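Quick note, the sequence shown lines up with residues 2 to 145 if you use the numbering used here.
Beta carbons: idealized from backbone N, C-alpha and C, even for Gly.
Keep in mind that this is a model prediction, so the values were computed, not measured.
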Amino acid sequence: MELCLGHARERRNMSVDRVADAMGLASRFTLYKWLESGRMPAVLIHPFELACGATFVTSYLAASAHKLLIDMPTGRAVDGDDIAGLHGSFASAVEALAGFYGGRSDAPATLGRLLELMQTVAWHHGNVERHSQPQLDFEVSPDE
2 MELCLGHARE RRNMSVDRVA DAMGLASRFT LYKWLESGRM PAVLIHPFEL ACGATFVTSY
62 LAASAHKLLI DMPTGRAVDG DDIAGLHGSF ASAVEALAGF YGGRSDAPAT LGRLLELMQT
122 VAWHHGNVER HSQPQLDFEV SPDE
């Protein structure tokens with residue numbers, strides 16, 4: 002939760018009081034209490050992350066449950082950069098695996114590269130599924 006607030010402070014110039022106001026809380030002290038205890042009602046996680054412009058709480062919850070998160074694909078057409086990025090992810094993962102099994106790389110670095118590859122492939126999988134019915138691009142950058 003503190004990472005989300007740090008992001009809100011640095012990127013959006015929002016204090017804890019402004020985040021609490023954007024969440025629709027009656028009192029900023031409620032948010033301070035949740036920060037102190039590390040607990041927040043689940044129904045308020047999305048408004049909190051939306052106000053902060055970061056999804057660190059959701060990412061933490063997924064990672065602690067050993068789940069993989071990817072951004073929702075929109076079914077848009079890919080370009081050469083997307084394919085090159087996919088190829089780069091494969092090359093990086095294979096390099097990390099070779100290094101790990103050869104004793105030149107540690108497990109956390111190897112797992113990080115494998116996770117990146119799985120996220121990239123999962124995004125392309127979802128994008129191909131949605132290609133016949135692409136969504137309109139209504140996404141707004143959280144920093145805007």
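Best match in the options for proximity to residue i [C-alpha to C-alpha]
i: D83; options: H125, L116, L112; result: H125
i: A55; options: V20, H88, G86; result: V20
i: A78; options: S16, D18, Q134, L4; result: Q134
i: L115; options: R131, G104, L69, E50; result: L69
i: Y33; options: I71, S16, A110; result: S16
i: F57; options: A110, R131, W35, L6; result: L6
Whether residue i touches residue j by CB criterion (7 Å)
i: P74; j: N14; result: no
i: T121; j: L87; result: yes
i: I71; j: A123; result: yes
Residue burial classification, residue i (beta-carbon count within 10 angstroms, cutoff 16)
i: H8; result: buried
i: F91; result: exposed
i: E11; result: exposed
i: L4; result: exposed
i: A27; result: exposed
i: A64; result: exposed
i: E44; result: Note on identity: in this sequence residue 44 is Val, with Glu being the wrong assignment. Under this definition V44 is an exposed residue.
i: F49; result: buried
Enclosing alpha helix (DSSP H) for residue i [first to last residue]
i: V79; result: It is not in any alpha helix (DSSP H) - V79 carries neither H nor E in the DSSP assignment.
i: N14; result: Careful: N14 lies outside any alpha helix (DSSP H) and carries neither H nor E.
i: Q120; result: 108 to 130
i: V58; result: 57 to 65
i: R29; result: 29 to 38
i: L51; result: 46 to 53
8 Å contact criterion, which residue i and residue j should meet: CB distance rounded
i: M2; j: G39; result: 7 Å
i: L112; j: A94; result: Wrong, their Cβ atoms sit about 10 Å apart, outside the cutoff.
i: A52; j: A23; result: 4 Å
i: R29; j: G76; result: Between G76 and R29 the Cβ distance is about 41 Å, and since that is not below 8 Å, they are no contact.
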